[in-house]
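See below for the structure under consideration.
Take a look at the structure:
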């Protein structure tokens, strides 16, 4: 493949405009579509035998370079020359600092690791020779060996900064593989989620050839550990991987602070790799790179960050009841179109939903997917321990079963490379346009084929029309996918010789609707409610991106619990809980569309079943989106979300009021033992049992629960908000059972306006204490304990 100067036939994004004419001479542009690939054997005599052997023989076994590898490695060996190298001839040498614009999945990790190892090997050899030369001797093997060991333990060879722990760990493992034949080279890893003491112990005992770190942990060590500061003060090379992601995640100040501890240019050599070259990247490059640096561009100006070759589809479901069956059909479709090599990444918006879907897919996959019990389901989210996440990530990366699924939150969205991913499925909207790009980027890497599917509920369609209008998304309906799947399954079963799955695939997929329907009554109600609460926390803040009011989001999430998860009644949501989620803007009493709450019907049972009489609250004016009268403009944010949907989706509008509450005492049916996985049934409490407010202090999803009336944490204790720590609900409170005022005397309201689960309520049957606690009604009475 040829590396041409700026005289390329196709237009490219220009970084050159901000550079001087002298710098323009060091700009190269690479055409990724050039089929003339360069073999790795062309690097013979340019890199060490050990490094070349690791690439071409073991463990990588690679033959040809990718365009970015050819562009960077083609600069060797001059690229890794010492900063004080004297140019004895008239040959023009390349700049030592480089800025590389390259897509994800194009082999750029190997492109910067090879120069890092080669520069380290040469620096150690030079340190040994210099030590001998200072004594006036020509040869002293013993002195040379001691000098090399001291240099390797006191000087850092290369510092690689990565935005995430997962990506940093992946880079460290790739470095170990590349150093397979270099017996003494070692790699240090500084990331969060791992014992700092263990990392420091390895740092003190071992060599410091390559250090891979995340910004947060590295800055912490630099500020608190003198030996870390001393070692990095002698760093030979700095590499910023995924520089655009580092800036997107808010690490710009951290990077600036880290660089202050490192040697200045030209003593320090710097590489920057980024998928885009924005103004922010230019500013960082100007402060970090030498003025005479190389700019290598492998991405055309007319190309989006997402690979154009990847087919991408979006589906707006008629209602939430189609969500689980549709996802299963997408998985089955991929297994039949990619037999023996199906590898799917399934993204969910929250940790709780990831846990729920992992369990559902794991159980239903045994009966209604072509691979049946051979389906391998992996699960990664923030509730998993760091070691567990690493092990799961490595297992999925190495999986070659032909029917594997990784169910994950966004911890796997950025930078992590999973070879051979055939499809990315996104359920619900991503965090933003960039997040969508990073998710889809998990498939179609390194020139392989792939596909992306986005599955949305009716009220989420606004995200596509407002945020993804530049993406090559094609619509796909539920009926169209079902027809396609049946055709693929029929064709697959007609060819018994080419089968990867021994069973009848058409018969398996016919059981999808039946098996989903039979599973829903056995889902753990508390798991569904916790998932509902997490979805509210995620979506409430995204109402501007969805172009809907927050009341529509609340209604949609409540309907999801009934339609998708089979709850007999949608969860009740208090004003206090919605206020904590930002539902109330403190400027108006209610948003338009505040939902109605009906008081329990008469004869509903004892007071503990209805939680007392409740005051009905109605909005003074029915908003436009709660009616079916009149015509609404599609761009009107107050219109119903169904108005945005094309007729091809065949969605019927519904105007049901939401927020109504009736008798919730009906059980789910007999529980089925499906193992100790999260998301499935435990023995269900009667309505009125011990139940915490949404968003309150909850135990681990699927974990052990205390008996009703037993020891429990005090109401208002420490709890975590969605996505982080928050202060106690209601502020400081005395211990349960501690000193308090006399019954009937003056009593201070808890935290000002009281935030009972269920909202404002009247006294029922006289003044009483918190639901489920000790009660005095003319005499002491023990707490009601329902049967389990």
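In our numbering, the protein residues as written are 1 to 788.
Ideal Cβ positions, reconstructed from N, Cα and C, are used throughout, including at glycine.
Keep in mind the model is a prediction, meaning the values are calculated, not measured.
So, are the CB atoms of residue 175 and residue 372 less than 8 Å apart? no
Using 8 Å for Cβ pairs, my map puts residue 422 next to residue 344. What's the rounded Cβ distance? 7 Å
Assuming residue 404 contacts residue 376 under a Cβ cut-off of 8 Å, what Cβ separation, rounded to an integer in Å, is found between them? That pair is a contact at about 4 Å.
Within the segment 339 to 404, ranges of the alpha helix (DSSP H) (whole runs, at least 4 residues): 351 to 368, 386 to 398
Count the other C-beta atoms from every protein chain shown that fall within 10 angstroms of the C-beta of residue 39, then say buried if there are 16 or more, exposed otherwise. exposed
Assign residue 534 to one of two classes, buried (16 or more other C-beta atoms within 10 Å of its C-beta) or exposed (fewer than that). buried
Applying the 10 Å Cβ sphere with the 16-neighbour rule, what's the burial state of residue 74? Burial call: buried.
With distances taken Cα to Cα, identify the nearest neighbour of residue 562 among 525, 351, 537, 166. 525
Taking 8 Å as the threshold, find out whether the segment 260 to 276 comes into contact with the segment 227 to 238 through three or more Cβ pairs. Yes: the two stretches touch, three or more of their Cβ pairs being nearer than 8 Å.
Mark residue 248 as exposed unless 16 or more other C-beta atoms lie within 10 angstroms of its C-beta, in which case mark it buried. buried
Less than 8 Å between the CB atoms is what I'm expecting for residue 380 and residue 406, so what's the real figure, rounded? Taking C-beta atoms under 8 Å as the contact rule, residue 380 and residue 406 qualify, at a distance of about 7 Å.
How would you call residue 83, buried or exposed, if buried means at least 16 neighbouring beta carbons within 10 angstroms? exposed
For the alpha helix (DSSP H) that contains residue 116, what are its first and last residues? 108 to 134
Quick one: is residue 616 buried, meaning 16 or more other Cβ sit within 10 Å of its Cβ, or exposed? Only weak support is given to the placement of residue 616: the predicted model assigns it a pLDDT of 40, under 50, and the value that follows is read from those uncertain coordinates. Looking at its Cβ environment, which holds fewer than 16 other Cβ atoms inside 10 Å, residue 616 is exposed.
According to the neighbour-count rule (16 or more other Cβ atoms, all chains shown, within 10 Å of its Cβ), is residue 543 buried or exposed? Buried.
Return the residue from the list 254, 363, 317, 323 that minimises the CA-CA distance to residue 217. For residue 217, the closest alpha carbon among the candidates 254, 363, 317, 323 is that of 254.
Is residue 530 near the ligand MN, with its Cβ less than 7 Å from a heavy atom? Questions concerning the ligand MN fall outside what the structure shown contains, since it holds no ligand whatsoever.
Starting from residue 453, trace the beta strand (DSSP E) both ways and give me its first and last residue. 452 to 456
CB-CB under 8 Å to residue 474, same chain, minus the five flanking residues each way: which ones, in chain order? 311, 312, 313, 314
Contact check, residue 335 vs residue 369, beta carbons under 8 Å: yes
Outcome for residue 430 when other beta-carbon atoms lying within 10 angstroms are tallied against a minimum of 16: By the neighbour-count rule (16 or more Cβ atoms within 10 Å), residue 430 is buried.
Between the C-alpha atoms of residue 221 and residue 288, what's the straight-line distance to the nearest angstrom? 21 Å
What did DSSP end up calling residue 496 once you bin it into helix, strand or coil? helix
Residues in the same chain with beta-carbon distance under 6 Å from residue 187, minus the five sequence neighbours each way, listed in chain order, please. 172, 175, 176, 210
Measure the Cβ-Cβ separation of residue 117 and residue 182 and say whether it is below 8 Å. yes
What separation, rounded to the nearest whole angstrom, lies between the Cα atoms of residue 645 and residue 468? Low local confidence applies: a pLDDT of 49 at residue 645 is under 50, so the model's placement there is unreliable, with the coordinate-based value given in what follows. Near 15 Å, if we compare the C-alpha coordinates of residue 468 and residue 645.
Would you mind sorting residue 441 into buried or exposed? The rule is 16 or more other CB atoms within 10 Å of its CB. buried
Can you round the beta-carbon distance between residue 536 and residue 554 to whole angstroms, since I take them to be within the 8 Å contact cut? 7 Å
Residue environment, residue 189, which counts as buried when at least 16 other CB atoms sit within 10 Å: buried
Between residue 276 and the rest of its own chain, which residues show a CB-CB distance below 6 Å, the 5 nearest in sequence each way excluded? If the five residues before and after residue 276 are omitted, its C-beta is found closer than 6 Å to the C-beta atoms of 244, all from its own chain and listed in chain order.
So, helix, strand or coil for residue 297, using DSSP? strand
Close-in-space but distant-in-sequence residues of the same chain around residue 505 (CB under 7 Å, 5 per side omitted): 336, 370, 489, 492, 493
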